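Here's the structure, in structure tokens; my notes come after.
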Amino acid sequence: GAGVSQSPSNKVTEKGKDVELRCDPISGHTALYWYRQSLGQGLEFLIYFQGNSAPDKSGLPSDRFSAERTGGSVSTLTIQRTQQEDSAVYLCASSLGAQNPKLFFGSGTQLSVL
Amino acid sequence: DQQVKQNSPSLSVQEGRISILNCDYTNSMFDYFLWYKKYPAEGPTFLISISSIKDKNEDGRFTVFLNKSAKHLSLHIVPSQPGDSAVYFCAASDGGTGTASKLTFGTGTRLQVTL
């Protein structure tokens, strides 16, 4: 597809369960970002991948959060032992490179932790 | 520490009038600024941007103004249309870090354009 694709679009889970969120960036985009937007809040940076470099994990809120990017393309964000405060929209974005600030976003995954 | 601030959570404007959305920042190292527009259940989409070497950038009905001394930027939409109703996010970038694509976002302003 032409845009950033995220799945699932909605995820409802029980507290304590693990969840995996998937992002398929635009082909050729070497930079990939995960952000989240909690209710009434702005976009909070979580993690950044650029090519084969080590990811910038400085925004991950706890060690329950992790992400990987396989083959420089698809990325998975994993949240272990989910808590109610993890409920948010998780947005993935990609860009042409580290020095290109024009990000293209997916539609997000709405995560609800009951 | 909110480095990019949008102090107005919402704004209502009549169709045909000017909409002015404001954004303030605290980090003097920011050198590139962007506005994104977000409709419900969709991801943000890029609207317009401005480099710190300029003080104005115009694209059709959208104009962004940058006042570096005041660390303030604004987005003007003229004339406003009902389809402009959305949440608008201001974002900033520090190219000096080597990662200009790592954006810092504001909390957004919800614009409603009424008939």
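So the protein lines, in turn, are chains C and D. When you line the first sequence up against my numbering, it's residues 15 to 128, in that order. When you line the second sequence up against my numbering, it's residues 268 to 382, in that order. Backbone N, C-alpha and C define an ideal beta-carbon position, used for all residues, glycine too. Please read these numbers as outputs of a predicted model, since none were measured by experiment.
Problem set entry | Interfacial residues, the stretch 68 to 79 of chain C to chain D, with Cβ spacing under 8 Å | D70
Exercise. Rounded to whole angstroms, how far is the Cβ of Q20 of chain C from the Cβ of T123 of chain C, which I believe are closer than 8 Å?
Worked result: On the first sequence, position 6 is the one that residue 20 of chain C refers to. On the first sequence, position 109 is the one that residue 123 of chain C refers to. Sure, about 5 Å apart at Cβ, within 8 Å.
Exercise. To which residues does DSSP link A81 of chain C through a beta bridge?
Worked result: Position 67 of the first sequence, counting from 1, holds the residue named residue 81 of chain C. Bridge partners of A81 of chain C: C:L91.
Exercise. Got a sec: is the Cβ-Cβ distance from S121 of chain C to anything in chain D below 8 Å?
Worked result: Translated into positions along the first sequence, residue 121 of chain C becomes position 107. S121 of chain C counts as touching chain D.
Exercise. For L370 of chain D versus A359 of chain D, is the C-beta spacing smaller than 8 Å?
Worked result: As a first step, residue 370 of chain D must be located in the second sequence, where it is residue number 103. As a first step, residue 359 of chain D must be located in the second sequence, where it is residue number 92. Yes, the pair counts as a contact, with Cβ atoms nearer than the cut-off.
Exercise. How would you call S76 of chain C, buried or exposed, if buried means at least 16 neighbouring beta carbons within 10 angstroms?
Worked result: Sequence index remark: in the first sequence, residue 76 of chain C carries index 62 (1-based). The residue in question, S76 of chain C, is exposed, as its Cβ has fewer than 16 Cβ neighbours within 10 Å.
For this session: Go ahead and pull the three-state DSSP assignment for T374 of chain D.
Result: Here residue 374 of chain D refers to the residue found at position 107 when the second sequence is read from its first residue. Looking at T374 of chain D - three-state DSSP - the assignment turns out to be coil, as it is neither helix nor strand.
Exercise. For Y104 of chain C, which beta-bridge partners are listed by DSSP?
Worked result: What you label residue 104 of chain C is simply residue 90 of the first sequence in a count that begins at 1. When beta bridges are read from the DSSP output, Y104 of chain C appears opposite C:R50, C:T123.
Problem set entry | Closest residue to L57 of chain C among D:K272, D:R328, D:N289, D:E325 (Cα-Cα distance) | Within the first sequence, residue 57 of chain C is the residue found at index 43, counting from 1. The shortest C-alpha separation from L57 of chain C is found at D:K272.
Problem set entry | Burial state of D100 of chain C, where buried means 16 or more other Cβ atoms lie within 10 Å | As a working note, residue 100 of chain C is residue 86 in the first sequence. Buried: at least 16 other Cβ atoms inside 10 Å.
For this session: With N334 of chain D as the anchor, note down where its beta strand (DSSP E) starts and where it stops.
Result: As a working mapping, residue 334 of chain D is identified with position 67 in the second sequence. Run containing N334 of chain D: 329 to 334, per the beta strand (DSSP E) assignment.
Problem set entry | Beta-carbon neighbours of K116 of chain C, restricted to chain D and to distances below 9 Å | The residue given as residue 116 of chain C occupies position 102 in the first sequence. Neighbours of K116 of chain C on chain D, chain order: L301, F313, S316, S368.
Exercise. Is the Cβ of F63 of chain C closer than 8 Å to any Cβ of chain D?
Worked result: On the first sequence, residue 63 of chain C is found 49 positions in, with the first residue counted as 1. No, no contact with chain D.
For this session: Using a threshold of 8 Å, state whether the C-beta atoms of V26 of chain C and S126 of chain C are closer than that.
Result: The count along the first sequence starts at 1 and reaches residue 26 of chain C at position 12. The count along the first sequence starts at 1 and reaches residue 126 of chain C at position 112. Yes, they are a contact pair.
Exercise. Can you tell which of C:W48, C:N66, C:L105 has its C-alpha closest to the C-alpha of A81 of chain C?
Worked result: Indexing the first sequence from 1 puts residue 81 of chain C at position 67. Considering only alpha carbons, the answer is C:W48.
For this session: Quick one: residues in its chain with C-beta nearer than 6 Å to the C-beta of G111 of chain C, no 5 flanking neighbours on either side, listed in chain order?
Result: As a position in the first sequence, residue 111 of chain C is number 97, starting the count at 1. The residues are T44, A45.
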